[in-house]
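Chemist: The numbering of the sequence shown is my numbering, which starts it at 212 and goes up by one.
Cβ coordinates follow ideal geometry from the N, Cα and C atoms, glycine included.
Right, I'll just put the structure down here and ask away after.
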Amino acid sequence: MYDAWLAPHQDVESAVPRWVVLQAEGEAEVWRYTVRRELEGSETEALAATMGIVDSFAKAHTERGRRGQRRQVFRVSERRYFVRVRNRISRDQEAHFALAELVADSHDDGLPDTVGG
C-alpha cells in the first residue's frame, strides 16, 4: 500500500480506485473533518489502511499509558468507525473515521464530473 498524489488516469479500465480516510473530531454539534490519508488500491487495501489508522488513534505510547487507557472501537458500517479512548490522567478523546472512494473528479478523464454523470 502506498500513498499517492493523485495523477489523472487516461482511461477508465486502467483506473485504480482512489480513496481518502476521513477523520472527524469534536464535541456535541461541533465536529471538524480532516483527511487523514489519501491512497490508491483495492477496497481491501484501503480498508486495511483505515483499520491501521483507527487502531493507532490516541493510542498510548508506553506500557504504563496503555494500562491506564480504555479503547473502544464501534463499527458504524463497513467503512465507518467510531473510536472512544478513555484515559485516567489526560482528557478523553473520540473520533469518527470513514473510508470514502473517489467517484467524480472534474479534472480526471477517467471519472465523471459529477456523481450523476
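Identify whether Thr245 lies in helix, strand or coil by the three-state DSSP scheme.
Modeler: In this structure, Thr245 counts as strand in the three-state DSSP scheme.
Chemist: Which residues in the same chain as Gln280 place their Cβ atom closer than 6 Å to its Cβ, once the five residues preceding and following it in sequence are excluded?
Modeler: So the list reads Ala271, Asn298, once near-sequence residues are dropped.
Chemist: Could you please give me the residues that DSSP links to His307 through a beta bridge?
Modeler: Its beta-bridge partners are Ala235, Phe293.
Chemist: Could you tell me the alpha carbon to alpha carbon distance between Gln283 and Ser301, rounded to whole angstroms?
Modeler: Using only the alpha carbons, I get a separation of about 16 Å.
Chemist: Less than 8 Å between the CB atoms is what I'm expecting for Gln304 and Val296, so what's the real figure, rounded?
Modeler: Contact holds; Cβ gap of about 5 Å.
Chemist: Determine the burial state of Leu322: buried for a count of at least 16 other Cβ atoms within 10 Å of its Cβ, exposed for fewer.
Modeler: Looking at its Cβ environment, which holds 16 or more other Cβ atoms inside 10 Å, Leu322 is buried.
Chemist: Classify Trp242: buried if its beta carbon has 16 or more other beta carbons within 10 angstroms, exposed otherwise.
Modeler: Trp242 comes out exposed.
Chemist: If contacts are defined as beta-carbon pairs under 8 Å, then Ala232 and Thr261 qualify, I think. What distance do you get, rounded to the angstrom?
Modeler: First, the amino acid is wrong: residue 232 is Val here, not Ala. 5 Å between Cβ atoms; contact.
Chemist: Taking the alpha-carbon positions, what's the Leu310 to Asp324 distance?
Modeler: So the two alpha carbons sit approximately 21 Å from each other.
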